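What follows is a set of notes on a single structure, which appears directly below.
Protein chains: 2
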Amino acid sequence: MRYCSGCGAPVELKRPEGDLLDRHVCVGCGEIHYQNPKVVVGAVCGWRDKVLLCRRAIEPRSGFWTIPAGYLEIGESTEQGAAREAWEEARAQIAIDGLLAVYNVVRIGQVQLHYRARLLSPEVAAGPETRELDLFAWEAIPWAELAFPTVQWVLHRAIVLRDHTGPYPPALGPEEAPPQRSR
Amino acid sequence: MRYCSGCGAPVELKRPEGDLLDRHVCVGCGEIHYQNPKVVVGAVCGWRDKVLLCRRAIEPRSGFWTIPAGYLEIGESTEQGAAREAWEEARAQIAIDGLLAVYNVVRIGQVQLHYRARLLSPEVAAGPETRELDLFAWEAIPWAELAFPTVQWVLHRAIVLRDHTGPYPPALGPEEAPPQRSR
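Going line by line, the protein sequences match chains A and B. Residue numbering for the first sequence follows my numbering, beginning at 4 and increasing consecutively. Residue numbering for the second sequence follows my numbering, beginning at 4 and increasing consecutively.
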């Protein structure tokens with residue numbers, strides 16, 4: 004940030020009185036421009052014994068598999084955002100069940116909220132940011148080709164809770180791979 | 004937003020190709036300036052049979068009672084942010100126990116994450132944004148003088164879980180007042 008988004012004058016980094024951190028402060032109008040982490044919302048979307056994954060058509064990690072997820076927008080709840088991403092990336096209509104995980108990815112300023120959801124129909128199709136998509140058996144998830152560590156963590160979490168009904172706490176950090184189920 | 008924070012040229016509201024929403028786009032460098040909801044983190048801090056509340060010294064809702072809470076900063080996790088706010092507003096050192104609630108306050112673009120925490124010591128003191136503070140018996144919470152609806156909701160949630168040990172799901176919306184406990 005180099006200029007004030009309100010008046011166009013330059014900003015300088017300095018510590019406002021009473022603050023504990025340096026901020027971008029406008030030398031013209033004095034406005035303090037705070038920068039804050041962003042919220043990413045996603046959904047692990049199940050259909051019977053399968054889970055929806057999308058192969059990314061965009062960077063970063065183009066070509067790798069992910070759950071539908073993206074930045075929360077102004078004017079929507081986190082649940083609405085997760086449902087919108089499922090629609091945008093996979094033309095999937097979903098019913099949200101509960102909060103699977105809250106992950107802090109501090110290095111890149113993200114708080115990720117991932118929900119467990121149920122596809123309302125298996126009719127899905129790649130949106131513009133998706134190269135292809137598929138419903139994978141849980142035992143056939145392409146672990147080595149997942150786009151991000153948090154996708155791996157939340158899929159582990161979903162497997163741990165696979166047969167769980169009733170309320171559950173969200174994972175707040177990485178989770179070990181659950182033991183393989185006997186077939 | 005009227006000017007580009009990167010180059011200082013004016014921005015205009017328009018829909019980037021492939022986007023579903025209008026964005027602030029710089030007429031000079033073309034940068035798209037996304038605006039996103041902010042994360043608020045807070046903690047219900049218990050000490051034996053009491054809970055820490057702070058009377059706000061700043062607007063909005065100056066003079067009303069709240070739990071320590073505020074905007075998440077870049078470079079910290081949500082748990083670290085909640086602990087920092089407890090320190091800034093109440094000079095409280097806390098141990099976080101679990102996630103009590105995730106509230107969407109869509110109208111003002113906030114996602115609030117509130118934790119259950121334990122004071123490590125009853126030595127607390129008002130920070131600069133706090134007029135006074137106190138440890139309240141749960142039965143003596145000043146319900147009519149709370150600063151925000153979400154403070155009421157999360158205190159209800161904490162009371163519901165008051166004697167609960169083990170994992171618990173976060174509340175995702177308002178909660179009814181729990182029945183009064185017999186004394």
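Note that CB positions come from ideal geometry on N, CA and C, so glycine has one too. Computed from a predicted model, the values in this text were never measured in an experiment.
Quick one: which chain A residues come within Cβ less than 7 Å of B/GLN38? ILE77
Are the beta-carbon atoms belonging to B/GLU92 and B/THR133 less than 7 Å from one another? yes
Going by Cα to Cα distance, which pick from B/GLU82, B/PRO125 and B/ARG94 is closest to A/VAL105? B/GLU82
Just curious, the beta strand (DSSP E) that B/ALA72 is in, first and last residue? 72-74
Just list the residues that DSSP pairs B/VAL139 with in beta bridges. It should be noted that the sequence gives Phe, not Val, for residue 139 of chain B. Per DSSP, B/VAL54.
For B/PRO19, name the three-state secondary structure that DSSP assigns. coil
Taking DSSP's pairing of strands, which residues face B/TRP68 in a bridge? B/ARG58 and B/LEU149
Short Cβ contact (7 Å threshold) for A/LEU75 with A/VAL42: yes
For A/SER8 versus B/TYR37, is the C-beta distance shorter than 7 Å? No, Cβ-Cβ distance for A/SER8 and B/TYR37 is not below 7 Å.
List the residues of chain B whose Cβ lies closer than 7 Å to the Cβ of A/ALA41, in chain order. Contrary to the premise, residue 41 of chain A reads as Lys rather than Ala in this sequence. Ordered by position in chain B, the residues that pass the 7 Å Cβ test against A/LYS41 are ASN39.
With H, G and I counted as helix, E and B as strand and the rest as coil, what does DSSP make of B/THR81? For B/THR81, the secondary structure class from DSSP, reduced to helix, strand or coil, is helix.
Contacting positions in the segment 84-109 of chain B - beta carbon closer than 8 Å to chain A: GLU91, GLY101, LEU102, VAL105, ASN107 and VAL109
With a 10 Å radius around its C-beta and 16 neighbouring C-beta atoms as the bar for buried, classify B/GLU20 as buried or exposed. Burial call: exposed.
Which stretch, first to last residue, makes up the beta strand (DSSP E) that contains A/GLN38? Careful: A/GLN38 lies outside any beta strand (DSSP E) and carries neither H nor E.
So is B/HIS167 buried or exposed if we call it buried at 16+ other beta carbons inside 10 Å? Classification for B/HIS167: exposed.
Pull out every residue of the segment 113-139 of chain B whose Cβ sits closer than 8 Å to any Cβ of chain A, in chain order. VAL114, LEU116 and PRO131
For the beta strand (DSSP E) containing A/TYR6, list its first residue and its last residue. Premise fails: A/TYR6 is in no beta strand (DSSP E) and is neither H nor E.
Compare the C-beta of B/THR153 with all C-beta atoms of chain A and state if any pair is closer than 7 Å. no
Tell me where the beta strand (DSSP E) around A/VAL30 begins and ends. Neither: A/VAL30 is in no beta strand (DSSP E) and is coded neither H nor E.
Coil, strand or helix - B/TYR122 by DSSP: It should be pointed out that residue 122 of chain B corresponds to Leu in this sequence rather than to Tyr. It is a strand residue.
Output, in chain order, the set of chain D residues within a Cβ distance shorter than 8 Å of A/THR81. Given the protein chain composition of this structure (A and B), no chain D is represented.
From A/GLU88, A/ARG160 and A/GLU148, pick the residue whose C-alpha is nearest to that of A/ALA128; which is it? A/GLU88
Residue range of the beta strand (DSSP E) that B/VAL105 falls in? 97-108
Strictly under 7 Å for the Cβ-Cβ distance: is B/ARG186 near chain A by that measure? Reliability fails at B/ARG186, whose pLDDT of 45 lies under 50, so the model's placement of it is uncertain and the value that follows must be treated cautiously. Chain A, which has no Cβ nearer than 7 Å to the Cβ of B/ARG186, makes this no.
According to DSSP, is A/ARG160 part of a helix, a strand, or is it coil? Of the three classes helix, strand and coil, the one that applies to A/ARG160 here is helix, per DSSP.
Run the CB neighbour count on B/LEU123, radius 10 Å, all protein chains shown included, and call it buried at 16 or more, exposed below. With fewer than 16 Cβ atoms within 10 Å of its Cβ, B/LEU123 is classed as exposed.
Where DSSP assigns a beta bridge to B/CYS10, which residues make up the other side? Per DSSP, none; premise fails for B/CYS10.
6 Å Cβ shell around B/ARG58 - same chain, five flanking residues per side excluded: TRP68, ARG134 and GLU135
DSSP state of B/ARG209 mapped onto helix, strand, coil: Nothing about residue 209 of chain B can be read from this structure; chain B reaches only from 4 to 186.
Contact set between A/SER8 and chain B, taken where Cβ atoms lie within less than 9 Å: MET4, ARG5, TYR6, CYS7, SER8, VAL14, HIS27 and HIS36
Answer yes or no: do A/GLY112 and A/PRO13 have a C-beta to C-beta separation smaller than 7 Å? no
Would you kindly check if the distance between the Cβ of B/ARG160 and the Cβ of B/ALA174 is under 7 Å? In this structure, B/ARG160 lies closer than 7 Å to B/ALA174 by Cβ.
From the DSSP output, read off the bridge partner residues of A/LEU116. A/VAL44 and A/VAL105
Could you check whether the Cβ of B/PRO170 sits closer than 7 Å to any Cβ belonging to chain A? yes
According to DSSP, what are the bridge partners of B/ALA174? B/ALA104
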